[in-house]
Amino acid sequence: MNMKKVLILTLVLVSTIVISCNEKLLDTKNPNQITNDVFYKSLDQVGTSVNAIYAVLQGNQMVGREYFFLHDLRSDEMKAGGGQLEVPRAQLLNGSHTYTNSVMSDVYKGLFTIVHRANAVITNGGLLQVSAGDQPLLDRYIGEAKFLRGFAYYTLGALWGGVPLYDHPAANFGDALPRSTQAETFAFALADATAASAVLPATYATADLGRASKGAALTLAAKIDLCKGDYAAAKTALEAVKNLGIYSLVSNYFDNFKDETEYNTESVFEVGFLDTGYGWDASGNGTTNDSWVRSQEFSAVGWANLIPSDKLVAEYEDGDPRLTECFWFPGDTYANGSRTLVTSGGDGKTTINIAGDNTTLYEGNQLKIRWKKYSIMYKADPGGFNVNDGINYRLWRYADVLTLLAECENEVGTAANAIGYLNQLRDRTSVSMPNYGTAAMDNAGFPVTNKDEILKAIQHERFVELAGEEIRNIDILRWRANGKIKGPDPISYFQANKYELLPIPQDEFNTNPKFTSASQNPGYTN
Numbered sequence: 001m002n003m004k005k006v007l008i009l010t011l012v013l014v015s016t017i018v019i020s021c022n023e024k025l026l027d028t029k030n031p032n033q034i035t036n037d038v039f040y041k042s043l044d045q046v047g048t049s050v051n052a053i054y055a056v057l058q059g060n061q062m063v064g065r066e067y068f069f070l071h072d073l074r075s076d077e078m079k080a081g082g083g084q085l086e087v088p089r090a091q092l093l094n095g096s097h098t099y100t101n102s103v104m105s106d107v108y109k110g111l112f113t114i115v116h117r118a119n120a121v122i123t124n125g126g127l128l129q130v131s132a133g134d135q136p137l138l139d140r141y142i143g144e145a146k147f148l149r150g151f152a153y154y155t156l157g158a159l160w161g162g163v164p165l166y167d168h169p170a171a172n173f174g175d176a177l178p179r180s181t182q183a184e185t186f187a188f189a190l191a192d193a194t195a196a197s198a199v200l201p202a203t204y205a206t207a208d209l210g211r212a213s214k215g216a217a218l219t220l221a222a223k224i225d226l227c228k229g230d231y232a233a234a235k236t237a238l239e240a241v242k243n244l245g246i247y248s249l250v251s252n253y254f255d256n257f258k259d260e261t262e263y264n265t266e267s268v269f270e271v272g273f274l275d276t277g278y279g280w281d282a283s284g285n286g287t288t289n290d291s292w293v294r295s296q297e298f299s300a301v302g303w304a305n306l307i308p309s310d311k312l313v314a315e316y317e318d319g320d321p322r323l324t325e326c327f328w329f330p331g332d333t334y335a336n337g338s339r340t341l342v343t344s345g346g347d348g349k350t351t352i353n354i355a356g357d358n359t360t361l362y363e364g365n366q367l368k369i370r371w372k373k374y375s376i377m378y379k380a381d382p383g384g385f386n387v388n389d390g391i392n393y394r395l396w397r398y399a400d401v402l403t404l405l406a407e408c409e410n411e412v413g414t415a416a417n418a419i420g421y422l423n424q425l426r427d428r429t430s431v432s433m434p435n436y437g438t439a440a441m442d443n444a445g446f447p448v449t450n451k452d453e454i455l456k457a458i459q460h461e462r463f464v465e466l467a468g469e470e471i472r473n474i475d476i477l478r479w480r481a482n483g484k485i486k487g488p489d490p491i492s493y494f495q496a497n498k499y500e501l502l503p504i505p506q507d508e509f510n511t512n513p514k515f516t517s518a519s520q521n522p523g524y525t526n
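The sequence shown: position 200 = 200 (full-length UniProt numbering), numbered continuously.
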């Protein structure tokens, strides 16, 4: 199977029911629907079911659209590109969201769809009897399902806290569970990540690129440990990723966001896309979601719904080439240099007006700066609103691993190692910025003579290196929870005992009889 195009199923397994679904769906039996007692009879069927989990990850409720929006809207990297930003998105950006917010609810549903499809594979695949020669592949399929379930519960735990923990397929409303604690949710996710890391291969053949690997599972385990504040355990997992010996930083920073350089040595886990169309489907059922809409939503020629914040652009040091690799500026050329971005007066042929009304403050000037990461504009004229973005989404890459390792080393008292990991990023051929620990960086405001200074350098490096990659939101959440934010909170509207977590969506209360008003997160009332 070519994982660049995840198999989209038209047949939904009866056991993959999300708690927040329409109750009428549970009162009927579809005579045309394949059920578990006749489906899980072969290894190929288990593999097809695993592909159906990836299809959800690829879909509209997840990384195809709402996943990147939810993370970006909850970070300090973004501001609205103009009045075109839809109300539910604006609410998340300014902190006025409630438990009915549709963007938040969609991601919650998408994550639980992953959970329930994974449970179908883990439970039913575990009952399948196969030959000794086929057992490793069956174990791998179940490992992939556990990784994806662990990823879902890690994200749910980080954003919503404790949630219902399902370890088997939910068949009806009688299977509904109450909330668990955040600690229990992280423990569940960590057990899945650990189990997956024990059976998943370090690498795949070309046809299976994009599947969860040992490195991805170990990275997931480390990210969960960091949310828990367990730096020693996270360090062990991250060192295991490094010691696999298969990851390295690519020479050209922008290669991490291009179509032609997918599945490179820096990629730890990425979601495959093609440029053949976006179906707006949430669950991978029937409608093809080969593409995603990131380029359309953020590009300089498109909607420009979210643009870089003043704070983010100001964070880049003078001369850091990552600034112009991350963002389009007025006067930049695109479509392989054939067209030029202008603020106004474009002729529509060789000069094109930048979309959106809002600007970003940069070096004392208000400029129409727009996101370049994952924009198809570097090689194509998007025609305004072309949704056929086939650039793979790099969910996690090795630069993330190295900076997390630096954070762990700093916490356990090995400062030199922490600084060394940070400098690897700055020594990247296309970046080539002064190293931490030099006079140049001391003068730039980033000395590294003690633990707090090194933490500041780590937070700075993650801010500029991983900007717009849906990392910052959970960084802020875990740093806040573990007392690692020095000075004002990064989120301007933050209010203690409310914005630490998102509200549990109303759909959960509507369909889960184990949830009462007391089940809601602090600061929100149903």
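Every residue gets a Cβ at the ideal spot worked out from N, C-alpha and C, and that includes glycine.
- Nearest C-alpha to D507 among Y40, G82, T98 and I53: T98.
- In this chain, E470 is not harboured by any alpha helix (DSSP H), its DSSP state being neither H nor E.
- Between G64 and W292, the gap from beta carbon to beta carbon is short of 8 Å.
- With distances taken between CA atoms, A207 lies nearest to G272 out of G272, Y108 and D290.
- Boundaries of the beta strand (DSSP E) around R339: R339 to V342.
- A residue is called buried when at least 16 other Cβ atoms come within 10 angstroms of its Cβ; S248 does not meet this threshold and is exposed.
- When Y253, A233, G229 and S213 are compared, the shortest CA-CA separation from I246 is found for S213.
- Here the C-alpha atom of N60 lies approximately 12 Å from the C-alpha atom of L70.
- Across the set A158, V431 and E266, the C-alpha of A158 shows the shortest separation from the C-alpha of I224.
- Using a 10 angstroms sphere on the CB of W280, the tally of other CB atoms stays under 16, which defines it as exposed.
- Under the rule that a run must span 4 or more residues, the alpha helix (DSSP H) segments found entirely inside the segment 360 to 437 read 398 to 412 and 415 to 426.
- Rounded to whole angstroms, the gap between the alpha carbons of A282 and S49 is 16 Å.
- Of the candidates A233, D452, E461 and Y67, D452 places its Cα closest to the Cα of G487.
- In the DSSP assignment, P308 falls within the unbroken beta strand (DSSP E) covering L306 to P308.
- The closest CA to that of W371, considering only E262, A416 and V313, is found on V313.
- With respect to the 8 Å criterion, Y253 and V431 are classified as neighbours on the basis of their beta carbons.
- One alpha carbon belongs to M78, the other to E470, and they sit about 11 Å apart.
- Taking each of I376, L405 and E317 in turn and checking the Cα distance to E260, the smallest one comes out for I376.
- Excluding the 5 residues flanking it on each side, N256 has same chain C-beta neighbours closer than 7 Å at V250, E266, R394 and R397, in chain order.
- Burial is judged here by how many other beta carbons sit within 10 angstroms of a residue's own beta carbon; E363 has fewer than 16 and is exposed.
- Taken atom to atom, the span from the alpha-carbon of E270 to that of Y54 is near 11 Å.
- Secondary structure note for I352: its beta strand (DSSP E) is the uninterrupted segment T351 to N353.
- Secondary structure note for S267: its beta strand (DSSP E) is the uninterrupted segment S267 to V271.
- In the displayed model, M78 falls within a strand according to three-state DSSP.
- A contact is defined here as three or more CB-CB pairs under 8 Å, and the segment 115 to 135 fails this definition with respect to the segment 83 to 99.
- At the C-beta level, M62 and L502 stay beyond 8 Å of one another.
- In the structure shown, the three-state DSSP call for Y334 is strand.
- The alpha-carbon separation between L73 and N473 amounts to approximately 8 Å.
- The alpha helix (DSSP H) runs of length 4 or more contained entirely in the segment 230 to 272 are, from start to end of the chain, 231 to 243.
- Secondary structure at W280: coil, using DSSP grouped into helix, strand and coil.
- The C-beta distance from L138 to V46 rounds to 6 Å, short enough to meet the 8 Å contact threshold.
- Within the segment 55 to 130, the complete alpha helix (DSSP H) runs of at least 4 residues fall at 66 to 73, 87 to 94 and 102 to 125.
- Residue state for W292 is assigned as strand, using DSSP reduced to three classes.
- Under the DSSP assignment, K228 falls in the alpha helix (DSSP H) whose first and last residues are K214 to K228.
- In the three-state reduction of the DSSP assignment, W328 falls in the strand class, which pools E and B.
- The residues D192, A195 and A196, in chain order, have a CB closer than 6 Å to that of K146 in the same chain once the five nearest residues on each side in sequence are set aside.
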